[in-house]
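Working notes, beginning with the structure itself.
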Amino acid sequence: PIMGNHDLALLRAVGWEGGPPDQGWFERMHRNYWNIGQGTDRAFGAHDANSLAGRMPKAHRDFLQALPWSFETEDYLFVHAGLLPKPLRPQLEDLGKRVLLPPFHLHPQLRDKGLATVSSPTGARSSSAAIRSGPACASQATDTPRTLPIAGASASRPRWTRAASCSPCWRQSGVFSRFAKATLAASSRRCDSLRRAARKADPRLDTPPTRRVTATATAAREASSAGFQEPDRPGKA
1093 PIMGNHDLAL LRAVGWEGGP PDQGWFERMH RNYWNIGQGT DRAFGAHDAN
1143 SLAGRMPKAH RDFLQALPWS FETEDYLFVH AGLLPKPLRP QLEDLGKRVL
1193 LPPFHLHPQL RDKGLATVSS PTGARSSSAA IRSGPACASQ ATDTPRTLPI
1243 AGASASRPRW TRAASCSPCW RQSGVFSRFA KATLAASSRR CDSLRRAARK
1293 ADPRLDTPPT RRVTATATAA REASSAGFQE PDRPGKA
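Now the structure itself:
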C-alpha cells in the first residue's frame, strides 16, 4: 500500500499524527470525496470530524499514518498519482519529508491524475527509465525516452528519463500483455465450451445460420408448390 490523496485527506480530517480533528477537511471530504450515503463517515456512524476521529479504531489510523508517500526499489519507483516532468530526486526528497501543505492543498504527486509515471524500459536494472502518463505503475517502455537528469543520480542507479509518448504505460507492459492474452484465451475456451453444450442440446445449431435460412426458404417454397395454405387466423375475414 502507498499513500494517496484520499488517505491523506482522511488523516487530516481525523487529525494528522494524532493532532486535533479538522472539520474543514471533514466537510471537504464529505462534499467532494465520498459517494452520497456510502462514505467513510457513514461507515463509522460519524457526523463531523470529532465523531469520526472518536469512532475510527486506532489501528486504522496507525495503518494509514504509516503508509509511505513513495516507494522505490532497485529498478522501479512508485507513487500514487505520478510525478511532475522535472528533476525527480527533489520530488522524492520532498515526499520523504511528509510535510503537509496549507489547508485543502495536497501534493500533486498524490493527487493529480495524468501525471507522469516511471517505468523501466527492460523490466530489469537499467541506466534509463521512462516517464509515461497514467496511473502510477511499473512496466516496460516501447519507445526511446529523452533523458531527464536528476541531481545525485549515480551510474549504479536507474537514471530517470522522460518519454515523448503519453499512452498509459501499463498498456505497453509485458505483464499486462500476458494477462490480457491469458484472459482472452480463458474467455475463448469458455465460449467454445458453451457452444459445444448448446449444439449437443440442439443439433440444429451445428448448421451455419446462412444454411438454416436457406433451408427454411426452401421448405416454404416446397410447401407452397404442394398447395399448402396457411390456416385462417382468428378474426381474419
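Every letter in the sequence shown is one number past the one before it in the numbering used here, and letter 187, counting from 1, is 1279. Note that beta-carbon positions come from the ideal geometry of N, C-alpha and C, so glycine has one too. The structure displayed is predicted, hence computed values, not measured ones.
query: Whole-angstrom C-beta distance between M1095 and H1172, which should lie under 8 Å; result: 6 Å
query: Rounded separation between Q1157 and L1193 - CA only; result: 16 Å
query: Inter-residue CB distance, P1137 and R1123 (contact presumed, cutoff 8 Å); result: First, the residue type needs correcting, since residue 1137 is Gly and not Pro in the sequence shown. Not quite, the Cβ-Cβ distance comes to about 19 Å (not below 8 Å), so this is no contact.
query: Pick from P1093, Q1183, D1114 that is closest to A1145, judged by C-alpha positions; result: D1114
query: Proximity of A1101 and A1141 at Cβ, strictly below 7 Å; result: no
query: Span of the alpha helix (DSSP H), counted from its first residue to its last, around V1106; result: 1097–1106
query: Straight-line Cα distance separating H1139 from G1188; result: 33 Å
query: DSSP state of L1169 mapped onto helix, strand, coil; result: strand
query: Contacts around D1099, its chain only, beta-carbon distance under 7 Å, and the 5 residues preceding and following it disregarded; result: L1156, L1159
query: Pair within 7 Å by beta-carbon distance, L1180 and N1097; result: no
query: Chain D within 7 Å of R1181, Cβ atoms only; result: This model lacks chain D altogether, as it is built from one protein chain only.
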